[in-house]
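In the numbering used here, the protein residues as written are 678 to 1252.
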């Protein structure tokens, strides 16, 4: 016999078969006057089983809503006990929803299934729940041969069992949904909003320090890639940990192969190609003496080596004659790392540190990156078009959403960003899709040109960075560009009129929101809808507003994270 959740589907299929068999009996009885007095008995039994079937089906549908998409719901109901019901991931999702009630729930369903088989046997139906004869006119002969009862009272014991089982299933389903809803609404279970303003200030401060750290003539050939992190834990403040901040940045430094844009600058022989480092944030005080005095109070960290090195570096950087001097040429400093000795720390930056709220300590990774000539860069758009597993796409959705809150209005992420702004670095031994990056160059001639929203569209798209996130989430899900998802009814594309073009892409995105609910589920589609429509039940539309920032975190980031956890917490990477 089938076990576990498969049985739930089998019951869903067996009750309608019993009803069909009884209806066939009732029609056969109508042919012979002898059996007309029993017809009312059979019809009453049909009514009772019909009600129990509807009750059971409603309970199962309530259980499935949110576990399977609206699109898949029809397939589940059309093939009770079929292959979809046997999938391990489906069983895991039901276990998460039912919690401690799972075993009891499945035990009752198994008991109900056993009862339906007894009903089939007592009615002399086949194992498949069908009558053992096919012609209604032969009912009299079949009745004499098979000897089944036409009295409703002879089935009362089994129907009582069905009613009690259905009642228990209905109650357990309702309780599970209520518990789930209350847990979602509970302030204790609602994730606290990280202080994204602090992260943003540190990221922009790091960029400012980098701007004055290149004392070389080959600046145009350098770029710094900042790794995007989810940073969903709320432990980022400037007051909690003295001089040493919990969060750090992970970066890649690149010496580009391409020639510099300034013809007056010679193409160098590239003394290095790539390097990798962690950047720790030092919280500067108004007086260096105060900062130096508090170095001893640096809290313990998960990485003992980093903690020890960071404490020593902070103390050294703040001494009047420091052991580690702040650098003024990052290019030369990175070049010095190409040897075996890398246990050093760079402090950024001698002139800026007085004006900065934060100091930055750059820790090269312990071992030199290898085979860097074969490292390559690919955009997120190219990776999506090439094909990414759903797990990676949903994981990236969380990272991108959180990164918008962290890096909005900084030099790392422009308002008109897209999945073209995000890239991966393909390198040996590392799963590139786990580490998305954004990059910046620091040549004085370079400038970022932001594509502003046309005047009339500002009322439709009040927050461009958030709208860009909505577009990115759509493209991530479908693995296609918005232009590829365009339909004629959305309006004309590729017009010289940028305002009309914006409106067309908005129409495409708006149309896809409702389709996404069937495809991706309520949590993912809800996050997309809020981004595209900027619908947060708040008058504010700017990330500078703390309440708006909190609403975006709860309505977008937290929803995407919950969706990812729900769908993939127990599944493999191949999904």
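Glycine is no exception: its CB is placed at the ideal position from the N, C-alpha and C atoms.
Query	Result
Closer than 8 Å: residue 901 CB and nearest the ligand GDP heavy atom	Because no ligand of any kind appears in the structure shown, any question about the ligand GDP cannot be addressed here.
Backbone secondary structure at residue 808 - three-state DSSP	coil
As assigned by DSSP and simplified to three states, the class of residue 1042	coil
Sheet register partners of residue 951 (DSSP bridge)	931
Between the CA atoms of residue 1184 and residue 944 - distance to the nearest angstrom	Only weak support is given to the placement of residue 944: the predicted model assigns it a pLDDT of 47, under 50, and the question is left unresolved by the model.
Nearest-angstrom Cα separation, counted from residue 749 out to residue 1256	Residue numbering for the chain in the displayed model covers 678 to 1252; residue 1256 lies beyond these limits and cannot be assessed.
Nearest neighbour of residue 870, chosen from 1244, 832, 1233 and 1241 [CA to CA]	1233
Check whether residue 1256 and residue 1076 have beta carbons under 9 Å apart	A question about residue 1256 goes unanswered here, because the residues of the chain that appear run from 678 up to 1252.
Reduced DSSP secondary structure (H/G/I, E/B, other) of residue 926	strand
Cβ-Cβ distance between residue 1081 and residue 1170 below 9 Å	no
Nearest-angstrom Cα separation, counted from residue 1013 out to residue 1023	11 Å
Candidates 685, 1194, 891 and 725: closest to residue 1004 by CA position	891
C-alpha distance - residue 836 paired with residue 1240, whole-angstrom precision	40 Å
CB contact flag (residue 1146, residue 1186, <9 Å)	no
Beta strand (DSSP E) runs contained entirely in the stretch 1087 to 1160, provided each spans 3 or more residues	1100 to 1103 and 1114 to 1118
Distance between residue 1040 and residue 1141 (C-alpha atoms, nearest Å)	35 Å
Every unbroken alpha helix (DSSP H) inside the stretch 745 to 785 [4 residues or more]	747 to 755, 760 to 763 and 765 to 775
Between the CA atoms of residue 1102 and residue 1061 - distance to the nearest angstrom	15 Å
Cα-Cα separation between residue 881 and residue 1088, rounded to whole angstroms	7 Å
As assigned by DSSP and simplified to three states, the class of residue 840	helix
Distance, residue 1150 Cα to residue 1191 Cα	14 Å
Cα-Cα separation, residue 815 to residue 798	20 Å
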